[in-house]
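Heads up: the structure comes next, in structure tokens.
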Amino acid sequence: MKKILLSGLLCSALFADFTLEYQMDGNAKQIVQYKDAQHIRVTTKVAQGGESGAQLIVGDKKYMVVNDHGKKRYMDMDVMIQQMKQMQGMMGGAQQADAGEPEPEFKIVKKGAKKKVAGIDAEVWTIEATVDGHKERMNVTVTKDENVVDAVHKYTDAMKTLSGMDERGQESLGKIMNISKGYVAIAFDGMKLVKYDASDIPDTLFALPPGVNMGDKLQIGKQSTAVKKPPLCPIVGAHGKAKQLDAMTKESVQGWKRIESASCGSMMKMGIENAIYQKGDTYIHLSLSVNVHGESGMIAKYRTSNMKISGLKRGKIEGMHYQSAFLERIGQSAMDIKLPNAMLTLTATQNAKVDFPEFAKAALDLKKFVPVKKSKPSADDALKSLGEMFGGHGGSHHSSGQSSQADMQKAAEMMKGLFGK
Numbered sequence: 006m007k008k009i010l011l012s013g014l015l016c017s018a019l020f021a022d023f024t025l026e027y028q029m030d031g032n033a034k035q036i037v038q039y040k041d042a043q044h045i046r047v048t049t050k051v052a053q054g055g056e057s058g059a060q061l062i063v064g065d066k067k068y069m070v071v072n073d074h075g076k077k078r079y080m081d082m083d084v085m086i087q088q089m090k091q092m093q094g095m096m097g098g099a100q101q102a103d104a105g106e107p108e109p110e111f112k113i114v115k116k117g118a119k120k121k122v123a124g125i126d127a128e129v130w131t132i133e134a135t136v137d138g139h140k141e142r143m144n145v146t147v148t149k150d151e152n153v154v155d156a157v158h159k160y161t162d163a164m165k166t167l168s169g170m171d172e173r174g175q176e177s178l179g180k181i182m183n184i185s186k187g188y189v190a191i192a193f194d195g196m197k198l199v200k201y202d203a204s205d206i207p208d209t210l211f212a213l214p215p216g217v218n219m220g221d222k223l224q225i226g227k228q229s230t231a232v233k234k235p236p237l238c239p240i241v242g243a244h245g246k247a248k249q250l251d252a253m254t255k256e257s258v259q260g261w262k263r264i265e266s267a268s269c270g271s272m273m274k275m276g277i278e279n280a281i282y283q284k285g286d287t288y289i290h291l292s293l294s295v296n297v298h299g300e301s302g303m304i305a306k307y308r309t310s311n312m313k314i315s316g317l318k319r320g321k322i323e324g325m326h327y328q329s330a331f332l333e334r335i336g337q338s339a340m341d342i343k344l345p346n347a348m349l350t351l352t353a354t355q356n357a358k359v360d361f362p363e364f365a366k367a368a369l370d371l372k373k374f375v376p377v378k379k380s381k382p383s384a385d386d387a388l389k390s391l392g393e394m395f396g397g398h399g400g401s402h403h404s405s406g407q408s409s410q411a412d413m414q415k416a417a418e419m420m421k422g423l424f425g426k
């Protein structure tokens with residue numbers, strides 16, 4: 006009977022709330038607060054300015070939370086990741102990301118002395134990794150403490166969910182942290198665990214403001230059968246009026262009704278507008294990117310990356326070239342229309358069967374698109390855009406349009422803290 010009770014207590018401990026606190030390079034900290042797989046908060050703090058931002062999982066939705074002059078802003082990370090990939094494409098990074106780089110491999114060459122880290126029994130192992138063709142050795146502190154092992158596994162799973170911007174980097178981090186069966190790494194070059202706490206985490210930590218999209222998971226815990234509406238703009242409640250898309254699209258066509266549209270701001274001199282059509286429980290999402298550099302469109306990227314598509318169609322609408330196809334990898338229909346110095350992309354929710362060329366011919370008036378002069382973004386523009394996203398002053402607070410040092414520093418620190426060095 007005692008063995009049964011003890012076994013039950015151990016299992017309960019493995020599924021309890023936990024907090025992990027890591028010391029990072031540059032005197033930054035990362036705090037992981039885990040209640041369950043649908044309630045996770047990862048907070049990044051930098052040396053100056055206190056809490057710089059947090060990533061939040063609530064249900065099946067991901068948010069970035071930033072402090073803007075004492076006020077919290079919630080950004081939809083699915084849209085944010087999509088826009089970051091668009092920026093990456095503009096700067097020529099999309100092709101590199103698609104091609105990929107070999108993930109670093111390592112082997113354990115020595116198991117050394119025992120020690121304690123953050124009060125946890127640990128050992129020092131030496132590993133050998135091949136980096137850029139050269140073999141390097143480094144010491145890694147590991148533990149087999151069952152509670153910490155369980156916590157680190159859950160932490161790395163959460164980071165994979167949150168890290169759509171740098172999946173390979175997070176895979177590499179996960180490999181070294183989940184170093185060997187029954188063991189995890191808790192200290193290595195650039196990252197060290199300084200606290201493990203199994204205290205209960207309050208529900209209020211995951212509370213969202215009224216009106217924030219909860220996705221398919223209802224707060225009462227009951228599963229909804231409705232299809233999730235595509236997100237409109239990344240910053241919740243901060244939408245401007247869509248000028249181009251409102252002029253180019255009809256309010257209703259073929260039983261579809263335009264229910265939302267907005268200008269989602271400017272990133273690195275690229276203007277972004279989105280619109281959503283609805284018919285019953287299905288949706289079509291339109292995304293217009295203006296002043297696009299090196300952007301070949303979603304369909305073209307799938308084809309050049311050898312990702313399976315079907316039903317490929319090509320043609321012209323009002324003299325503008327388009328490609329449409331069914332993207333097998335994500336199970337959605339999509340269409341790209343190349344406009345002067347712009348790209349218009351249409352995607353449908355997975356349950357929608359849409360003949361996009363016919364829909365586009367009926368719904369769009371491409372003659373009403375107003376071209377803008379091509380302008381290349383600078384590194385300063387990139388940092389300025391990121392500073393605005395992560396709670397800096399950005400262009401909206403500077404009439405001169407010049408990015409402030411505070412914006413650039415905040416952007417650089419956030420990128421380093423959240424997405425690696």
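Residues 6 to 426 in the numbering used here are what the sequence shown spells out, letter by letter. Cβ coordinates follow ideal geometry from the N, Cα and C atoms, glycine included. Note that the coordinates shown come from a computational prediction; the quantities given were computed from them, not determined experimentally.
Could you check which residue in Pro345, Ser310, Val359 has the C-alpha nearest to that of Lys318?
Translated into positions along the sequence shown, residue 318 becomes position 313. Closest option to Lys318, Cα to Cα, is Val359.
Please work out which residues of its chain come closer than 6 Å, Cβ to Cβ, to Met303, disregarding the five sequence neighbours upstream and downstream, and give them in chain order.
Here the question's residue 303 lines up with position 298 in the sequence shown. So the list reads Ala339, Asp341, Thr350, once near-sequence residues are dropped.
Out of curiosity, what's the CA-to-CA distance linking Ile289 and Ala42?
Looking up residue 289 in the sequence shown gives position 284. Looking up residue 42 in the sequence shown gives position 37. In a straight line, the C-alpha of Ile289 is about 29 Å away from that of Ala42.
Starting from Arg2, trace the alpha helix (DSSP H) in both directions and tell me its first and last residue.
Residue 2 lies beyond the stretch modelled for the chain, which goes from 6 to 426, so this question has no answer here.
Alpha carbon of Asn356 to alpha carbon of Val122, nearest angstrom
The residue given as residue 356 occupies position 351 in the sequence shown. The residue given as residue 122 occupies position 117 in the sequence shown. Their Cα atoms are separated by approximately 50 Å.
Cα-Cα, which of Lys306, Lys112, Lys378, Lys262 is closest to Asp286?
On the sequence shown, residue 286 is found 281 positions in, with the first residue counted as 1. For Asp286, the nearest C-alpha among the options comes from Lys262.
Any beta strand (DSSP E) of 3 or more consecutive residues that is wholly inside the region 256-295:
261-272, 275-284, 287-295
What is the DSSP secondary structure of Leu332, counted as helix, strand or coil?
Here residue 332 refers to the residue found at position 327 when the sequence shown is read from its first residue. Strand at Leu332.
Rounded distance between the beta-carbons of Met143 and Phe211, thought under 8 Å
In the sequence shown, residue 211 corresponds to position 206, counting from 1. In the sequence shown, residue 143 corresponds to position 138, counting from 1. Wrong, their Cβ atoms sit about 36 Å apart, outside the cutoff.
Among Ala367, Asp251, Ile113, the one whose alpha carbon lies nearest that of Ser268
Looking up residue 268 in the sequence shown gives position 263. Nearest option by C-alpha distance: Asp251.
Given a threshold of 16 other Cβ atoms within 10 Å of its Cβ, counted over all protein chains shown, does Met348 qualify as buried or as exposed?
Reading the sequence shown from its first residue, position 343 is the one you call residue 348. Buried.
When we look at the beta-carbon of Gln259 and count the other beta-carbons within 10 Å, is it buried (16 or more) or exposed?
Position 254 of the sequence shown holds residue 259. By the neighbour-count rule (16 or more Cβ atoms within 10 Å), Gln259 is not buried but exposed.
C-alpha distance - Ala190 paired with Ile181, whole-angstrom precision:
The sequence position of residue 190 within the sequence shown is 185, counting from 1. The sequence position of residue 181 within the sequence shown is 176, counting from 1. Distance between the alpha carbons of Ala190 and Ile181 is about 7 Å.
Determine the direct distance from the alpha carbon of Lys115 to that of Ala134, and round the result to whole angstroms.
Mapped onto the sequence shown, residue 134 falls at position 129. Mapped onto the sequence shown, residue 115 falls at position 110. Spanning the two alpha carbons is a distance of roughly 13 Å.
Taking the straight line between their C-alpha atoms, what separation do you get for Asn296 and Thr309?
For the purposes of this step, residue 296 is identified with residue 291 of the sequence shown, where counting begins at 1. For the purposes of this step, residue 309 is identified with residue 304 of the sequence shown, where counting begins at 1. Looking at the two C-alpha atoms, the distance is approximately 22 Å.
Close beta carbons around Lys40, own chain, < 6 Å, minus the five adjacent residues each side
Position 35 of the sequence shown, counted from the first residue, corresponds to residue 40. Hits under 6 Å: Asp22, Ile206.
Quick check on Asp221: buried or exposed, where buried means 16 or more other Cβ atoms within 10 Å of its Cβ?
Start at 1 with the first residue of the sequence shown, and residue 221 comes out as number 216. Unreliable positioning characterises Asp221 in this predicted model, as indicated by a pLDDT of 40, which lies under 50. A coordinate reading is not provided.
If Leu332 sits next to Leu371, beta carbons under 8 Å apart, how far is it from one beta carbon to the other, in whole angstroms?
Here residue 332 is taken as the residue at index 327 of the sequence shown, counted from 1. Here residue 371 is taken as the residue at index 366 of the sequence shown, counted from 1. Not a contact, Cβ separation roughly 23 Å.
Could you spell out the range, first to last residue, of the alpha helix (DSSP H) harbouring Phe364?
Position 359 of the sequence shown holds residue 364. 361-368 is the span of the alpha helix (DSSP H), which, as asked, contains Phe364.
Continuous alpha helix (DSSP H) assignments of at least 4 residues falling wholly in the region 140-170:
151-167
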